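I have placed the structure first, in the form of structure tokens, so that the comments after it can refer back to it.
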Amino acid sequence: MPLVTTTEMFKKAYDGGYAVGAFNVNNMEIVQGITEACQEQHAPVVLQVSKGARAYANHTYLVKMVEAAVKECPDIPIALHLDHGPDFETCKACIDGGFTSVMIDCSSRPFDENVEETKKVVEYAHAHGVVVEAELGTLAGVEDDVKVSAEDSSYTHPEEVEEFVTRTGCDSLAIAIGTSHGAYKFTPDQCTRNEQGILVPPPLRFDVLEEVSKRLPGFPIVLHGSSSVPREFVDKINKFGGKMPDAIGIPEEELRHAAQLSVCKINIDSDIRLAITASIREHFAEHPDHFDPRQYLKPARQAVKDMVTHKLINVLGCNGKA
0 MPLVTTTEMF KKAYDGGYAV GAFNVNNMEI VQGITEACQE QHAPVVLQVS
50 KGARAYANHT YLVKMVEAAV KECPDIPIAL HLDHGPDFET CKACIDGGFT
100 SVMIDCSSRP FDENVEETKK VVEYAHAHGV VVEAELGTLA GVEDDVKVSA
150 EDSSYTHPEE VEEFVTRTGC DSLAIAIGTS HGAYKFTPDQ CTRNEQGILV
200 PPPLRFDVLE EVSKRLPGFP IVLHGSSSVP REFVDKINKF GGKMPDAIGI
250 PEEELRHAAQ LSVCKINIDS DIRLAITASI REHFAEHPDH FDPRQYLKPA
300 RQAVKDMVTH KLINVLGCNG KA
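All residue numbers for the sequence shown refer to numbering that gives the first Met the number 0, where the first residue is 0 and numbers rise by one.
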């Protein structure tokens, strides 16, 4: 099937009590690892491209790699989505360039400015058969060009969501309930430590999510910054020469609960980076004579595939839902 919008996959996810995985892509191995996992698990998927990915890999290359994935994985719905579009011009370029979904992120601006810019994107996107994700509330953390301090982050105000969705016409809404961008989502001071001495992050604000859901019944909600930063990857990176003290993510059981509510799309980026880096560091340590990129990128691709397979089945619950 050709590239699709997220409309139908989100409707099925909302009604079915699961979430669609939205995975950021930057190169061929990442695209292959994600889509091969989804094809095998018969799961719908959103492939996300950030501003940083477009700067790194080039818009055209990324679109063509995703088109190749669509051809190789004909049995699953695949949407191509712009992640954190900073302005109308970037969103327009992606709409004109083959994307089926875009996010306009004006969450750091005053409410009325956010509404105005989002509405402008929605009008252009809908005229071209493309859907739009918007954001209310600001997530802390660092990811590509998104850099927000904990002091400047804010939870979504449920009392604003109805007006925002009505005035903008957006198709899905990213909200802030305590997730955070990057692999260092929380400082040690924000966390507690369990009996093993491992940092435990503060719980997500499900009260905010539930209130938003009451005000927007049937409307698809999105969670950004939802990598879990698995200890196995962090420990392997550190074992083989890395230095990632106190990297911490969102507990998978909390994400699964969110997926059972109104969250239809869960964004995962850092876990992909960690899986690749852990695999490559291990490979170089065990095979110091290797220099052919295919030798270390092949297991790295498999690491992405294995990680995504786990997420589809155990976190998102979207396996078998294509």
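Where is the CB? At the ideal position from N, CA and C, for every residue including glycine. Remember, predicted model here, so these are calculated numbers, not experimental data.
- Excluding five sequence positions before and after Val65, the CB atoms of its chain that fall closer than 6 Å to its own CB belong to Leu46 and Leu79, given in chain order.
- Every alpha helix (DSSP H) stretch that sits fully inside the segment 191-240 and reaches 4 residues is listed by chain position as 205-214 and 230-238.
- Beta-carbon to beta-carbon, Pro157 and Val211 are separated by about 5 Å, close enough to satisfy the 8 Å threshold.
- A direct Cα-Cα distance of roughly 27 Å separates Val48 from Asp14.
- DSSP places Ile249 outside both helix and strand once states are collapsed to three, so it counts as coil.
- Ranked by how close their Cα comes to the Cα of Glu28, the residues Lys310, Ser179 and Gln294 have Gln294 in first place.
- By alpha-carbon distance to Gly217, the top candidate from Lys304, Phe239, Asp170 and Met243 is Asp170.
- Under DSSP, Leu46 shares a beta bridge with Phe22 and Leu79.
- Nearest to Met8 by alpha-carbon distance, out of Asp305, Glu251 and Ala18, is Ala18.
- If you draw a straight line from the Cα of Ser278 to the Cα of Phe22, it comes to about 18 Å.
- Between Lys235 and Ala302, the alpha-carbon positions lie close to 12 Å from each other.
- Contact between His282 and Pro292 does not hold, since their C-beta atoms are separated by about 11 Å, which reaches or exceeds 8 Å.
- Under the three-state reduction of DSSP output, Gly15 falls in the helix class.
- Ile265 has Gly20 and Leu222 as its beta-bridge partners, per DSSP.
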